[in-house]
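Before any comments, here is the structure.
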Amino acid sequence: MTADTVPAARETALPPRDRAGPRAHPIRRLARNPRSVLGAVILTALGVTAVLAPLVAPDAPDHAHFLDRLAPPGVAHLLGADHLGRDVLSRVIWASRTSLLIGVVSAAAAVAFGLLLGGLSGFFGGWVDVVIMRTTDVVLAFPVFFIAVMFLALFGPSVPGLVLVLAATSWPPSARLVRAEFLRLRQREFVTATRALGASSLRIMIRHLLPNVVAVVVISVTLRVGLAILAEASLSYLGLGVQPPTPSWGNIIADGRDYLLTGWWISLFPGVFVLLAVLAFNLVGDGIRDAFDPKMQL
Numbered sequence: 009m010t011a012d013t014v015p016a017a018r019e020t021a022l023p024p025r026d027r028a029g030p031r032a033h034p035i036r037r038l039a040r041n042p043r044s045v046l047g048a049v050i051l052t053a054l055g056v057t058a059v060l061a062p063l064v065a066p067d068a069p070d071h072a073h074f075l076d077r078l079a080p081p082g083v084a085h086l087l088g089a090d091h092l093g094r095d096v097l098s099r100v101i102w103a104s105r106t107s108l109l110i111g112v113v114s115a116a117a118a119v120a121f122g123l124l125l126g127g128l129s130g131f132f133g134g135w136v137d138v139v140i141m142r143t144t145d146v147v148l149a150f151p152v153f154f155i156a157v158m159f160l161a162l163f164g165p166s167v168p169g170l171v172l173v174l175a176a177t178s179w180p181p182s183a184r185l186v187r188a189e190f191l192r193l194r195q196r197e198f199v200t201a202t203r204a205l206g207a208s209s210l211r212i213m214i215r216h217l218l219p220n221v222v223a224v225v226v227i228s229v230t231l232r233v234g235l236a237i238l239a240e241a242s243l244s245y246l247g248l249g250v251q252p253p254t255p256s257w258g259n260i261i262a263d264g265r266d267y268l269l270t271g272w273w274i275s276l277f278p279g280v281f282v283l284l285a286v287l288a289f290n291l292v293g294d295g296i297r298d299a300f301d302p303k304m305q306l
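Counting in our numbering, the sequence shown runs from 9 upward without gaps.
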């Protein structure tokens, strides 16, 4: 064997690198994670159903068929009818618009606020860090759910108020995550070099630090959406969330609480949709976290 053939022999002897292995691209690892794929499929189905509700739903959400009151699941009503004869499947499909929108918007607003405060706290440190983190501790010390109940009871239940109170009480975990990332990144060589070149603090934060925390932000959003959907369902169940005639998963479950023995399907099926949505967001969030975890790339 000549010297020229040795590199070729070594190259052929080496096993091909598994593209799904730990050094694979994060997006490729995410696509090969069966749990995250399952969550993405469920979320896609829920999202498409919500967007196409006028085309997918077999009936209007408030159309009452009084002769079909408490009709069990069957051919006429696949998921049954409620105490007013309204089709449960149609109401659940239309309610997905409201519940998913509230969950996504409130979670995105909470994470954006947490990103702002956590970034300022981690980058500047000193008294800025002390003030923001002590404020974070104070917010975490209060029971979030009871604050939401008190706020909505005082100012009246409404969708904007529900989004506002969920966002205002859910930002501390995101702020802490972002602060930890900024504290770690601000000591890196590229930040020191950029600062030596005369870049402003705002430019360093936006152009150099923010792109490095995108994965943390995305993970935080996906995990917060599931919690926001649960909070919306709980508050709507208590009558402090989305108000009729606008359907949401929570107030549909509340409609069936007096008919659990004679019309169990009224509360069961919207509860199943809540379970699927929360589970899907958590699966996707866990998959993104595993895909972008530096320890997985060792």
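Ideal placement from N, C-alpha and C gives every residue a C-beta, glycine not left out.
- Residue environment for Trp102: buried (at least 16 other C-beta atoms within 10 angstroms of its C-beta).
- Nearest in C-alpha terms to Ala285, of all of Ala299, Ala241, Val152, is Ala241.
- According to DSSP, Ala89 shares a beta bridge with Asp95.
- DSSP lists no bridge partner for Ala149.
- Residue pairing by DSSP leaves Ala183 without any beta bridge partner.
- A residue is called buried once 16 or more other Cβ atoms fall within 10 Å of its Cβ, and Pro42, having fewer, is exposed.
- If you draw a straight line from the Cα of Gly88 to the Cα of Gly247, it is about 23 angstroms long.
- Between the segment 191-203 and the segment 248-262, the count of Cβ pairs shorter than 8 angstroms is below three; the stretches do not touch.
- In the DSSP assignment, Phe289 falls within the alpha helix (DSSP H) that extends over 273-300.
- In the DSSP assignment, Ala72 forms a beta bridge with Arg94.
- Bounds of the alpha helix (DSSP H) holding Arg203 are 197-204.
- One thing to note: Val171 has its Cβ no nearer than 9 angstroms to the Cβ of Val225.
- Burial is judged here by how many other beta carbons sit within 10 angstroms of a residue's own beta carbon; Trp272 has fewer than 16 and is exposed.
- Looking from the CA of Asp76, the closest CA among Pro62, Ala65, Val96, Ala58 belongs to Val96.
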